[in-house]
Structure formats: structure tokens, C-alpha cells
Ligand SMILES: Nc1nc2c(ncn2[C@@H]2O[C@H](COP(=O)(O)OP(=O)(O)OP(=O)(O)O)[C@@H](O)[C@H]2O)c(=O)[nH]1
Ligand SMILES: [Mg+2]
């Protein structure tokens with residue numbers, strides 16, 4: 030037998046699934062050690078599957094962050110669920126992520142069944158341990174463990190960086206030998222335009238409430254780099270579904286859209302490593318969440 034032409038390490042794909050708001054994307058960012066996924070306390074923040082890569086001397090773990098599984102109310106919701114389910118179809122390890130501070134209910138049970146059906150090792154991750162008392166954690170652990178048969182159970186806090194090593198060890202134990210699938214210094218496989226649009230959308234999620242966060246889609250129209258001033262000009266469009274939402278995003282005298290732009294620029298500049306001039310416009314795209322082709326155009330769900 031001849032040796033393979035590549036370095037053999039522990040490598041494979043690891044899906045993180047769970048209810049919206051469970052803490053999946055925050056955990057992915059903490060594991061990778063850089064911001065690759067947007068996060069917010071608005072459920073259904075994540076709108077597409079994304080890969081985040083943890084590279085070590087003896088392993089390469091490709092985490093797949095997914096949209097929270099929920100009861101869909103529109104075409105967008107259906108797309109998001111479909112995208113998460115597809116992530117489960119082809120991974121080495123399926124992680125059920127549960128918020129240790131929230132009541133475990135039918136939503137978690139449903140996701141647990143999907144994890145049980147996956148042909149993968151199963152890891153139960155209880156996260157947000159920093160906001161639960163030890164006795165609450167114990168109680169949740171007992172209930173969550175009853176959701177299915179798990180190969181590993183881990184308690185962690187993404188926010189405080191508690192037991193991230195435990196998460197890594199738990200998944201690594203179930204990875205096969207294989208090649209590094211991605212370059213060693215690549216934290217995510219997302220195109221830069223997607224990350225820019227998502228970073229802008231995150232700032233909208235953080236600055237607005239009620240129906241507005243869900244009704245927003247962001248697209249990058251154009252991007253040009255000026256070497257002399259070391260500045261990237263980004264033209265982005267924020268789409269909303271109603272005229273009233275447009276007013277909220279723009280705000281009184283343009284105050285809100287300026288704040289969104291200023292907030293977003295910090296992440297955009299960090300990502301690009303240049304100064305950024307951000308031109309934000311707000312446009313109306315009536316009921317886009319009900320329209321499969323529009324959803325696809327934004328790249329949400331399985332789009333793009
Ligand atoms: N205290 C605490 N809060 C956390 C932790 N992890 C996530 N959160 C918060 O929980 C909320 C949801 O986090 P996300 O990472 O966006 O959750 P998600 O599971 O990706 O949500 P969806 O994308 O909607 O499915 C955010 O407000 C996070 O700041 C944690 O370990 N501790
Ligand atoms: Mg998420």
C-alpha cells in the first residue's frame with residue numbers, strides 16, 4: 030500500500046444544529062477565534078449555512094453553522110430549515126446545541142429527532158453556562174440527555190470561552206483520518222461580499238426591533254478599492270418589505286441609517302484591512318420573504 034500524497038490528520042465536517050437563538054453562531058466564532066458568523070438575540074439571525082474552519086497541528090475541523098430550526102411561517106423560513114437539514118445529511122459529527130438557560134421544549138425534541146436520524150456521531154452541547162446557576166445546569170443536563178442517544182455531552186460558554194477545548198475534543202474524537210480540506214489559514218469559506226452584507230445586516234438586527242429585523246435583506250451592489258487612499262468604497266442596499274420599515278431604518282433625519290453605517294464600518298474595515306466608505310441605501314422589495322427567487326437572489330437558505 031502506498032502512503033497518500035497528502036498529510037493525514039483528523040479531519041471532517043461537524044454540523045451545529047439547534048433552535049433559533051441557541052447560541053450556535055456565537056459558539057462557532059468562539060471556536061474559530063474570529064468573527065465569521067453574525068449573531069444577535071433576534072431568533073433566525075443566521076440565514077445560510079456557513080463553514081468555519083478550526084485548524085490544528087493534528088486536525089482540521091470544519092464546523093458547519095446552520096440557521097435555527099423552527100416552525101416556518103413563510104418561504105424564507107422553509108428555506109432556512111431546508112438548509113439546516115441538508116447540513117445534517119453529510120457530516121461526520123452532528124452537534125445538537127441547546128441553550129442551557131432556556132426551557133427545553135418541543136422545538137428541541139424535534140431537532141433532536143433530526144440529529145438522531147443523521148448518519149453521524151452525535152454530540153450534545155449545552156452552551157451559555159455562564160448565565161445559568163450550577164443546579165440549573167444539572168437539571169438541564171438531565172432533561173437534554175433524555176432527548177436522544179449521544180456519543181458525547183459537553184457543557185460550555187461561548188461568551189466566556191469556557192470549555193471550548195472540551196467541545197473540540199468531543200468532536201475530534203469522532204473524526205476520521207483524512208486530508209485538510211481547506212488551506213490552513215482560512216477561517217471560513219464564505220465569499221467576502223457575503224460577509225460584508227451579513228455584517229451590515231447584523232448591525233440592523235442590533236439597532237431595530239419587532240418585525241423590522243426579519244424583513245431586512247442586504248445586498249452588496251458594488252465594491253471598489255482606491256490604492257492611493259487605501260479606501261474601499263462599498264455600495265450596499267438594505268431591502269425592506271414595507272414603506273414604514275424604510276422609515277424606521279432611515280430614522281429621524283437619517284439618524285438610524287448613519288448609526289448602522291458607523292457601527293458596521295468597524296467590522297468591514299477589520300475584514301478588509303482597509304478604510305471603508307460605506308454608501309447605504311434603503312429600497313422596497315415588497316413581501317420578498319414569500320418569493321423563492323428573491324430569497325435565492327439574496328443568497329439565503331440554499332441560494333446563490
Ligand atoms: N450569556 C451568553 N450568551 C450567549 C452565549 N452564546 C450566545 N449568546 C447570546 O445568545 C444570543 C443568540 O446567539 P446566536 O449565536 O446568534 O444564536 P444562534 O443559535 O446562532 O441563532 P440563529 O442564528 O437565530 O439560529 C445572542 O444574543 C448571543 O450573544 C453564551 O455562551 N453566553
Ligand atoms: Mg446563528
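Numbering (our numbering), first residue to last: 30 to 333.
Each residue gets a CB set at the ideal place from its N, CA and C atoms; glycine is no exception.
Among the options, nearest to residue i - alpha-carbon criterion
i           : options               : result
residue 61  : 87, 51, 83 and 189    : 83
residue 120 : 249, 192 and 201      : 201
residue 159 : 175, 187, 97 and 149  : 187
residue 164 : 34, 129 and 198       : 129
residue 91  : 38, 222 and 49        : 38
residue 157 : 149, 147 and 170      : 170
residue 150 : 295, 283, 199 and 305 : 199
residue 115 : 143, 272, 263 and 172 : 143
residue 103 : 299, 244 and 124      : 244
residue 300 : 63, 53 and 286        : 63
residue 48  : 331, 266, 311 and 133 : 133
residue 310 : 122, 285, 172 and 240 : 285
residue 307 : 331, 249 and 44       : 249
residue 232 : 316, 168, 65 and 294  : 294
residue 313 : 279, 50, 298 and 321  : 279
residue 264 : 238, 305, 100 and 70  : 305
residue 96  : 127, 194, 137 and 50  : 50
residue 235 : 154, 276, 288 and 215 : 288
residue 179 : 152, 189, 190 and 204 : 152
Simplified DSSP state of residue i, which is helix, strand or coil
i           : result
residue 283 : helix
residue 73  : coil
residue 98  : coil
residue 67  : coil
residue 31  : coil
residue 85  : strand
residue 328 : coil
residue 175 : coil
residue 120 : coil
residue 161 : coil
residue 141 : helix
residue 111 : helix
residue 321 : helix
residue 51  : coil
residue 147 : coil
residue 103 : coil
residue 133 : coil
residue 302 : coil
residue 276 : helix
residue 342 : A query on residue 342 cannot be resolved here, the shown segment of the chain reaching from 30 to 333 and no further.
Per DSSP, the bridge partner or partners of residue i
i           : result
residue 80  : 93
residue 127 : 155
residue 191 : 186
residue 307 : 263
residue 181 : 152
residue 206 : 39
residue 313 : 269
residue 44  : 93 and 123
Neighbour flag for residue i against chain D, beta carbons, 7 Å
i           : result
residue 265 : Although the question refers to chain D, the structure presented lacks it and comprises just one protein chain.
Assigned exposure category for residue i - 16 Cβ within 10 Å defines buried
i           : result
residue 329 : buried
residue 270 : buried
residue 258 : exposed
residue 141 : buried
residue 85  : exposed
residue 135 : exposed
residue 255 : exposed
residue 53  : buried
residue 268 : buried
residue 291 : exposed
residue 167 : exposed
residue 32  : exposed
residue 230 : buried
residue 123 : buried
Every unbroken beta strand (DSSP E) within the segment 208–259, with a cutoff of 3 residues, ordered by chain: 246–255
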